[in-house]
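S.K.: Below you will find the structure I want to go over with you.
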Amino acid sequence: MDLSFPSETSPRAPATAANGRIRLVYIMAATHSGSTVLAMQLARHPQVCTVGELSGTPYRAQPGYRCSCGEELVRCSFWHEVSAAMARRGFAYSATTDETDMRNAPGRYARRLLRPMHRGALLEFVRDAALQLSPAARAHLRRVRLLKTALAESVLECTGDAVLVDSSKLGVQLKYDLRNPRFDIKVIWLVRDGRGVARSLMRNQRLTMREAAYEWRRSNEEAAAIVQRLASAAWTQVRYEALCTDPEGTLAGLWPLIGVAPRPLEDAVQHVLGHASRLQGKRAIRLDEKWRTDLSAEDLRVFEKVAGAMNRRLRYAG
Numbered sequence: 155m156d157l158s159f160p161s162e163t164s165p166r167a168p169a170t171a172a173n174g175r176i177r178l179v180y181i182m183a184a185t186h187s188g189s190t191v192l193a194m195q196l197a198r199h200p201q202v203c204t205v206g207e208l209s210g211t212p213y214r215a216q217p218g219y220r221c222s223c224g225e226e227l228v229r230c231s232f233w234h235e236v237s238a239a240m241a242r243r244g245f246a247y248s249a250t251t252d253e254t255d256m257r258n259a260p261g262r263y264a265r266r267l268l269r270p271m272h273r274g275a276l277l278e279f280v281r282d283a284a285l286q287l288s289p290a291a292r293a294h295l296r297r298v299r300l301l302k303t304a305l306a307e308s309v310l311e312c313t314g315d316a317v318l319v320d321s322s323k324l325g326v327q328l329k330y331d332l333r334n335p336r337f338d339i340k341v342i343w344l345v346r347d348g349r350g351v352a353r354s355l356m357r358n359q360r361l362t363m364r365e366a367a368y369e370w371r372r373s374n375e376e377a378a379a380i381v382q383r384l385a386s387a388a389w390t391q392v393r394y395e396a397l398c399t400d401p402e403g404t405l406a407g408l409w410p411l412i413g414v415a416p417r418p419l420e421d422a423v424q425h426v427l428g429h430a431s432r433l434q435g436k437r438a439i440r441l442d443e444k445w446r447t448d449l450s451a452e453d454l455r456v457f458e459k460v461a462g463a464m465n466r467r468l469r470y471a472g
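Every position in the sequence shown, counted from 1, becomes a number in this note's numbering once 154 is added.
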């Protein structure tokens, strides 16, 4: 098996915004809300690309893990090219790692501080102050910022596109990305009926309804706390149900935010890592509302108690 990097005598400079910053679209959402599907649909625009979650996941190191192009990740020529571009920037990088995940600090102190979800201005101030007390934590934050900047630049260099979509979802990741002076970030808050998300979490992560409803609620509380501090022109909200029932119309409404002109969409090969939906290829998007038949009356009662208020705040009927 040949894992050598392809030679590249004249690497392309990554496209940037007029202010010289990297154009990044960050999808913030609860898990199982359709972030991978949205990212891949956005990347059908000829100026937009995605590789899924820039923060990485530990699952990528599993034997046989595949890129959305169909190749085993360790054999994918695109990811070899990205690693070569990262090496030119001074980083030894492999897509099988999750070292760009802000939460994966080397010490227990920093990990405990970085694991909780975003909790509003006051508690985030406390988190920041505590992290500043640790030289190791400060070094970790600097390294991840530099690593993620280099990764975004390398992906755009290898694709030749102007805009990169990151479907990492988590608010804590976004918090620190927003502080990166190299990023020009637009935020998409993707929401889905919490009952559908809870069903998926119960099925795929073996959570109880109480646990699943709480995770969904907290993810959206986190998103709300972040976007309320952003300029209105820097973010928008998208509904999973609208994406599934009217994908073309939903995408058309996002091009002005992203800053690209409407263009005919393409179905080129993508190199996405993350949720298993990346492997579905060109299969039509289908709305999944199995929660309507799968959840019991007791499940719905527990969901209402834990997360019903948030579901209604997001305009989902009771």
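Positions of the beta carbon are idealized from the N, C-alpha and C atoms, including for glycine.
Are the beta-carbon atoms of residue 428 and residue 321 separated by less than 8 Å?
M.R.: Here residue 428 refers to the residue found at position 274 of the sequence shown. Here residue 321 refers to the residue found at position 167 of the sequence shown. In this structure, residue 321 lies closer than 8 Å to residue 428 by Cβ.
S.K.: Under three-state DSSP, which class holds residue 341?
M.R.: Indexing the sequence shown from 1 puts residue 341 at position 187. In the structure shown, residue 341 sits in a strand (DSSP, three-state: E or B).
S.K.: How big is the Cα-Cα spacing for residue 302 and residue 184?
M.R.: Reading the sequence shown from its first residue, position 148 is the one you call residue 302. Reading the sequence shown from its first residue, position 30 is the one you call residue 184. Computed Cα separation, rounded: 22 Å.
S.K.: Excluding five sequence neighbours on each side, which residues of the same chain lie with their C-beta closer than 7 Å to the C-beta of residue 404?
M.R.: Counting from one through the sequence shown, the residue named residue 404 turns up at place 250. Within the same chain, residue 404 has close Cβ partners 392, 396 and 397.
S.K.: How would you label residue 103, buried or exposed, when you count the other beta carbons within 10 angstroms and need 16 or more for buried?
M.R.: In this structure the chain extends from 155 to 472, so residue 103 is not present and cannot be described.
S.K.: Taking buried to mean at least 16 other C-beta atoms within 10 Å of its own C-beta, is residue 255 buried or exposed?
M.R.: Your numbering for residue 255 matches position 101 in the sequence shown. Buried is the call here.
S.K.: Would residue 457 pass as a contact of residue 349 if the rule is Cβ separation under 8 Å?
M.R.: On the sequence shown, residue 457 is found 303 positions in, with the first residue counted as 1. On the sequence shown, residue 349 is found 195 positions in, with the first residue counted as 1. Cβ distance < 8 Å, so residue 457 and residue 349 count as in contact.
S.K.: Quick check on this structure: which residue in 195, 177, 453 and 331 has the alpha carbon closest to the alpha carbon of residue 423?
M.R.: Residue 423 sits at position 269 when you count from the first residue of the sequence shown. Measuring from the Cα of residue 423, the nearest candidate turns out to be 195.
S.K.: Smallest Cα separation from residue 389: which of 203, 417, 328 and 420?
M.R.: For the purposes of this step, residue 389 is taken as the residue at position 235 of the sequence shown. Closest by alpha carbon: 328.
S.K.: Let me make sure I understand the geometry here. Which of 318, 290 and 188 has the alpha-carbon closest to that of residue 198?
M.R.: Sequence index remark: in the sequence shown, residue 198 carries index 44 (1-based). Comparing Cα positions, the closest option is 318.
S.K.: Between the alpha carbons of residue 447 and residue 354, how many angstroms are there, rounded?
M.R.: As a first step, residue 447 must be located in the sequence shown, where it is residue number 293. As a first step, residue 354 must be located in the sequence shown, where it is residue number 200. Residue 447 and residue 354: Cα-Cα distance of roughly 13 Å.
S.K.: Just mark residue 155 as buried or exposed, buried being the case when its beta carbon has 16 or more other beta carbons within 10 Å.
M.R.: Stepping through the sequence shown from its first residue, residue 155 is reached at position 1. In this predicted model, residue 155 has a pLDDT of only 29, less than 50, meaning its place in the structure is not dependable enough to derive any value.
S.K.: Is there contact here, the segment 374-390 with the segment 338-352, by at least three beta-carbon pairs under 8 Å?
M.R.: Counting Cβ pairs under 8 Å, three or more are found: they touch.
S.K.: Could you pull the start and end residues of the beta strand (DSSP E) that residue 322 belongs to?
M.R.: Start at 1 with the first residue of the sequence shown, and residue 322 comes out as number 168. Run containing residue 322: 317-323, per the beta strand (DSSP E) assignment.
S.K.: Just the C-alpha distance for residue 455 and residue 462, rounded to the nearest angstrom, thanks.
M.R.: The residue given as residue 455 occupies position 301 in the sequence shown. The residue given as residue 462 occupies position 308 in the sequence shown. Those two C-alpha atoms are separated by around 9 Å.
S.K.: Relative to the alpha-carbon of residue 208, which residue among 324, 273, 420 and 464 has its alpha-carbon at the smallest distance?
M.R.: Here the question's residue 208 lines up with position 54 in the sequence shown. Selected option, being the one with the closest Cα: 324.
S.K.: Tell me the DSSP bridge mates of residue 263?
M.R.: Numbered from its first residue, the sequence shown carries residue 263 at position 109. BP columns for residue 263 are empty, so no partner.
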